[in-house]
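Only one structure is covered here, and it is reproduced in the block below.
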Amino acid sequence: MKIHGKSATGYWLTLAGWYGLTIGMATLAPIPWLLVAGGVCIVFPLVVGLLYGQIGRKVQYKPGPDSPAIVIMATVFAVVGTLLRGSSIVGWAGPVLGFATFIGMYLCLRRYGHFHVSGHEVSPDQQRENAR
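Under numbering that gives the first Met the number 0, the sequence shown has 56 at position 57, and the numbering climbs by one with no breaks.
Right, dumping it as structure tokens:
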């Protein structure tokens, strides 16, 4: 679904890519940089959400998905990253985990994520299709 050059696919790719990069970096980074990565991990999704029109009063017009898959996936990747920190394999396992996080989160967001489309940004044909 294309909306003024901004699509749900682009949104999911951006968020998943950022989360994968953050997990990969946080697995490898020493403590001061880990705090910086954690702070950026919070700010970046907010900025991306604003750019894609996903943050606002009217955005959450439907309840969230029944499946907790997104939260479970994010938690699993974060726990694995935490367990890898300081191990002898972290040099190659951190980037692999970051890439696996990107792929896993993208697929999970494509399946379970919500993308708000405001009424004035959608053509009448898309409005009829969304109503079905």
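Yeah, the Cβ is synthetic: ideal placement off N, Cα and C, and Gly gets one too.
Ranked by Cα distance from T81, the options G112, L33, L50 are led by L33. Closest option to F114, judged by alpha-carbon separation, among I54, G37, V35: I54. By the 16-neighbour rule on beta-carbons within 10 angstroms, I41 is exposed. Taking each of W11, Y10, L12, L20 in turn and checking the Cα distance to V95, the smallest one comes out for L20.
By the CB criterion at 9 Å, A36 and A25 fall inside the cutoff. Under the DSSP assignment, V95 falls in the alpha helix (DSSP H) whose first and last residues are 89–111.
Each residue's CA atom was taken as its position, placing L50 and V89 some 34 Å apart.
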